[in-house]
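Undergrad: One line per chain: the protein sequences are A and B, in this order.
Each residue of the first sequence is one higher than the one before, counting from 1 in my numbering.
Each residue of the second sequence is one higher than the one before, counting from 126 in my numbering.
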Amino acid sequence: MINAKKILVGEDSSIIINLTRSVLSFEKYEMKSARNGKQVLELLEEEDFDLILMDLNMPVLDGITCTKTIRKMDDPKKSKIPIIAISGNIHNYTHDEFRKMGFDHFLQKPLDFDLLLATVKKTLT
Amino acid sequence: MKSNKVLIVDDNELILSLLGNLINQQWTHKTAKNGIEAVELTRDEKFDLILINLQLPILDGIAAFRKISQNNPEHCPIIAISDPSNIIDKDSLLSIGFAAVLVKPIKPNEFMELLSCYLGSTNENSGVQGVGNFAEVIIDKKVIDQLMKYNSAEKINAFMVEFLVEVNQLMNTIHDAFAKRDYNQLCENLHILKGVTGTMGANLIFLSSQKAEYLTFNNRWDDLGNELDKMTKEKIELEAFINSDKIFRK
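1) Near A:LEU56, which residues of its chain fall below 8 angstroms by C-beta distance, leaving aside the five closest residues on each side in sequence?
2) Strictly under 8 angstroms for the Cβ-Cβ distance: is B:VAL131 near chain A by that measure?
3) Classify B:HIS154 as helix, strand or coil using the three-state DSSP reduction.
4) Taking the alpha helix (DSSP H) that B:ALA188 falls in, what are its first and last residues?
5) Tell me the DSSP secondary structure of A:LEU61 in three-state form.
6) For B:ALA189 versus B:ILE206, is the C-beta distance shorter than 8 angstroms?
7) Per DSSP, A:ILE81 is paired with what?
8) Scan the region 259–279 of chain B for residues whose Cβ lies nearer than 9 angstroms to a Cβ of chain A and list them as they occur along the chain.
9) Is A:ASP12 near B:ILE264, with beta carbons less than 8 angstroms apart?
10) Report yes or no: is there a C-beta of chain A within less than 8 angstroms of the C-beta of B:PRO202?
11) Just to check my reading of the structure: A:LYS5 and A:GLU45 have Cβ atoms closer than 8 angstroms, yes? What is that Cβ distance to the nearest angstrom?
12) Give me the chain A residues within the contact set of B:PRO182, using Cβ-Cβ distance strictly less than 9 angstroms, ordered along the chain.
13) Quick one: grab the DSSP three-state call for A:GLY10.
14) Among A:ARG71, A:ASP50 and A:LEU19, whose alpha-carbon lies nearest the alpha-carbon of A:LYS121?
15) So, does the CB of A:PHE98 fall closer than 8 angstroms to a CB anywhere in chain B?
16) From B:MET285 to B:ALA337, what distance separates their C-alpha atoms?
17) Start and end of the beta strand (DSSP E) containing A:HIS91?
18) Mind checking whether B:LEU311 and B:THR341 have CB atoms under 8 angstroms apart?
19) In angstroms with no decimal places, state the Cα-to-Cα distance between A:ILE83 and B:TRP152.
20) Please classify B:ALA304: does DSSP put it in a helix, a strand, or coil?
21) Would you say the region 32–43 of chain A touches the region 267–284 of chain B, given that touching needs at least three Cβ pairs under 8 angstroms?
22) How far does the beta strand (DSSP E) with B:ASN178 in it reach, from first residue to last?
23) Cα separation between A:GLY37 and A:ILE7?
24) Would you say the region 142–151 of chain B touches the region 227–245 of chain B, given that touching needs at least three Cβ pairs under 8 angstroms?
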């Protein structure tokens, strides 16, 4: 396996992290998880990722603020990383609003794992 | 089983008929063309959900919303339909008490999803009726089928056990927060519970957490207490179902 894509998942529910891991590893993606936005930033500081799945409603630092922070980073490898928003309230925002907040795609919770995988694939190609 | 009734308030005939047709797939509906009509209709009739355009003639959406709330503080969830050009932002609308905001153009699948959140699904295939299919209401078979694509049966069973632990933790926190009337803690944990149970296809608890979240937003503590009691019973059913190991038995 050459160069498996690395995905960072920001999500505060451990069962959802584990389910997501099972689905992503099925397609041989590498995955790391963070329980809040602050941990996402810390992990991103330490290593490079190819994609972030970001729950909007996380404790300590929420997904929207976290994404805005990432988009302002100096290193383009980090600031330009594709980010997919995950939220139970995606109806509260329009496509444009998601784009303006810095997200490349968005997924509705409850998560549909087939759709999640398809969106990840599409974003990484 | 078409029982849930929706009121659509819009002055645009096309919107009324488009949304009406969608709603009729699963529920029933009535229409009103302006705020006054809406206020009058809701005085005589009970609805389960109201969709109201903000830009209405005679009495606009927000004014109509206020009147309906005044007449009946226990009113059903009301969803605002807004134009992208509307200057009132969503957060303000939600803080006034709207349950959700739909921005035009409305996409049919998203629309139906949102309505299912408030009305439940009466899709005949979902097996709500009949003892044989009852388990599918506790854990949605579609979710299990999807997980089966990526995981072994053993692993799914392990996920279910882990899922129960998380649901128990969340519900304990929710009950504590309810006892303390801790609004933020309640909102936060109900929201997580909703995401987790929805993703696992635990539809009954998913719908209850959705409703509980709505009741919390509106400070309806007595109703919330009842909803949380109902949720506890649903959790016991879920526990019994998962522990009975029936998930993979045809």
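We put the beta carbon where it would ideally sit given N, CA and C, even for glycine.
Since we're looking at a predicted model, the values are computed, not measured.
TA: If we stick to the structure as given:
1) ASP62, GLY63, ILE64, ALA85, ILE86, SER87 and ASN89
2) no
3) strand
4) Per DSSP, B:ALA188 belongs to the alpha helix (DSSP H) from 186–196.
5) It is coil, neither helix nor strand.
6) With a cutoff of 8 angstroms on beta-carbon distance, B:ALA189 and B:ILE206 are scored as not near each other.
7) For A:ILE81, which the question treats as bridged, DSSP gives no partner whatsoever.
8) VAL268, GLN271, LEU272, LYS274, TYR275 and ASN276
9) No, the Cβ-Cβ distance between A:ASP12 and B:ILE264 is not below 8 angstroms.
10) So no, B:PRO202 is outside the interface.
11) Between the beta-carbon of A:LYS5 and that of A:GLU45 there is about 19 angstroms, and that puts the pair past the 8 angstroms contact cut.
12) Correct list: empty, because the minimum Cβ distance to chain A is about 25 angstroms.
13) strand
14) It is A:ASP50 whose Cα lies nearest to the Cα of A:LYS121.
15) Judged by the 8 angstroms Cβ criterion, A:PHE98 is not in contact with chain B.
16) 23 angstroms
17) Here A:HIS91 belongs to no beta strand (DSSP E), and DSSP marks it neither H nor E.
18) yes
19) 37 angstroms
20) In the three-state reduction of the DSSP assignment, B:ALA304 falls in the helix class, which pools H, G and I.
21) The region 32–43 of chain A and the region 267–284 of chain B do not touch, with fewer than 3 CB-CB distances between them shorter than 8 angstroms.
22) It spans 174–178 - the beta strand (DSSP E) in which B:ASN178 sits, taken as one unbroken run.
23) 15 angstroms
24) yes
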